[in-house]
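*Asks:*
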Amino acid sequence: MSKTIDIKQTAELLSSLDNVHIYTHIHPDGDAMGSAFGLAAILKKTGKRVKVLCLDTLPRYLSYIWNTDNADIKCDNIITVDVADMSLLGDFDRTKKIILAIDHHNQNKVECENLLCMNHMAATGEIVFELAKEMDVPFDRYIAECLYTAIATDTGCFKFSNTTEHTFSSVAQLTRYVPGGNFGYLNLPLFIAKPINKMQFESDIVANLKFAFGGKVSFSVVSKEIIARHGLTDSDTGGVEQIGKSPEGVELAITLKERDDGIKVSMRSSDNLDCSVICAAFGGGGHHSAAGCFFEDTPENIINTLTAYIKEKGIL
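Going by this note's numbering, 207 is the number at position 207 of the sequence shown; the sequence numbering is gapless.
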């Protein structure tokens, strides 16, 4: 059973550790990369030896974060960052002891000794920001870029309803450490500029959207074939989960992405619909407006199963 600890206790624990391996989840996003490498940089400033690990391919669009010195060190202590469940660690050796899990999801199921889970934070990057302040570690440009990436991506560039006063306050303080006092130079690659082949990929997804419940639910299927046809890798498809939420009137966007071992279902919902409840019914979970689950079935059967469940429960 994990011991729940607060920011102060976590900062004290981190100060006592060395030879740390920080793991984040497979299919890593901006919050995973930003919070993990940001925390590593913070710990290195206190003289710790730290390595970040992710048992998956790292996304190319975030190479400015992970393409840094990440030399091998021995492992005496393991921390997970932005990981809600052990299954999200991929091929992690479960005989290894995890001393600390840092997370912001509604429920955390990581088997660890100590747990810092603050689900009122929009991103794990906000928690790491508070840890740096508690540990009195000075920010620099790299740490600011890591934490901004974490926070901005998990809030949809501050469009989602998880964005709070703390979100804006944290980012406002981080702007002090970057050129010109703003993150416009990161917003371009993160949210605006895209390779032509990714735009064509997204166009195909839009063209094949399916709708149910009078247009309130959208379904998109992302097969390995369509990813390969556009010359992409799975890690290049970040943001595809939001496409189905763009059409006016959609309250629940459901994306089915083909993996080698099954289908990853991602849901994005409006403020008045808790998609984490739907995902939890199928062994998954997440946040109120962003959640996921996993199926070993065909896309057609999954769509029928989810449609029947939503109808049966009177969700829409």
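For every residue, glycine included, the Cβ atom is placed at its ideal position computed from N, Cα and C.
Grouping DSSP H, G and I as helix and E and B as strand, with all else coil, what is cysteine 112?
*Replies:* In the sequence shown, counting from the first residue as 1, residue 112 sits at position 112. Correct three-state label for cysteine 112: strand.
*Asks:* So what's lysine 216 in DSSP terms, helix, strand or just coil?
*Replies:* Against the sequence shown, residue 216 aligns to sequence position 216. Correct three-state label for lysine 216: coil.
*Asks:* Along the chain, where does the alpha helix (DSSP H) containing asparagine 304 start, and where does it finish?
*Replies:* Locating residue 304 in the sequence shown gives position 304, counting from the first residue. Unbroken alpha helix (DSSP H) run through asparagine 304: 299-312.
*Asks:* DSSP on isoleucine 263, reduced to helix/strand/coil?
*Replies:* For the purposes of this step, residue 263 is identified with residue 263 of the sequence shown, where counting begins at 1. Here isoleucine 263 sits in strand by DSSP.
*Asks:* Using a threshold of 8 Å, state whether the C-beta atoms of lysine 198 and leucine 232 are closer than that.
*Replies:* Translated into positions along the sequence shown, residue 198 becomes position 198. Translated into positions along the sequence shown, residue 232 becomes position 232. Yes. Within cutoff.
*Asks:* Round the Cβ separation of isoleucine 42 and methionine 121 to the nearest angstrom and send it over; I've been treating them as touching at under 8 Å.
*Replies:* The residue labelled residue 42 in the question sits at position 42 within the sequence shown. The residue labelled residue 121 in the question sits at position 121 within the sequence shown. By a beta-carbon distance limit of 8 Å, isoleucine 42 does not contact methionine 121. Their separation comes to about 16 Å.
*Asks:* According to the Cβ coordinates, are isoleucine 127 and isoleucine 102 closer than 8 Å?
*Replies:* Here residue 127 refers to the residue found at position 127 when the sequence shown is read from its first residue. Here residue 102 refers to the residue found at position 102 when the sequence shown is read from its first residue. Yes, the pair counts as a contact, with Cβ atoms nearer than the cut-off.
*Asks:* Around the C-beta of alanine 36, are 16 or more other C-beta atoms found within 10 angstroms, so that it is buried, or is it exposed?
*Replies:* Within the sequence shown, the letter at position 36 stands for residue 36. Classification for alanine 36: buried.
*Asks:* Is it buried or exposed, asparagine 19, if we count other Cβ atoms within 10 angstroms and call 16 or more buried?
*Replies:* Here residue 19 is taken as the residue at index 19 of the sequence shown, counted from 1. Exposed, by the Cβ-count rule.
*Asks:* Check whether the stretch 144-159 and the stretch 173-185 touch, using three or more Cβ-Cβ pairs below 8 Å as the test.
*Replies:* yes
*Asks:* Express the C-alpha separation of glycine 238 and threonine 153 in angstroms, rounding to a whole number.
*Replies:* As a working mapping, residue 153 is identified with position 153 in the sequence shown. As a working mapping, residue 238 is identified with position 238 in the sequence shown. Distance between the alpha carbons of threonine 153 and glycine 238: 10 Å.
*Asks:* I need the straight-line Cα distance from proline 138 to alanine 132, nearest angstrom please.
*Replies:* The residue labelled residue 138 in the question sits at position 138 within the sequence shown. The residue labelled residue 132 in the question sits at position 132 within the sequence shown. Distance between the alpha carbons of proline 138 and alanine 132: 7 Å.
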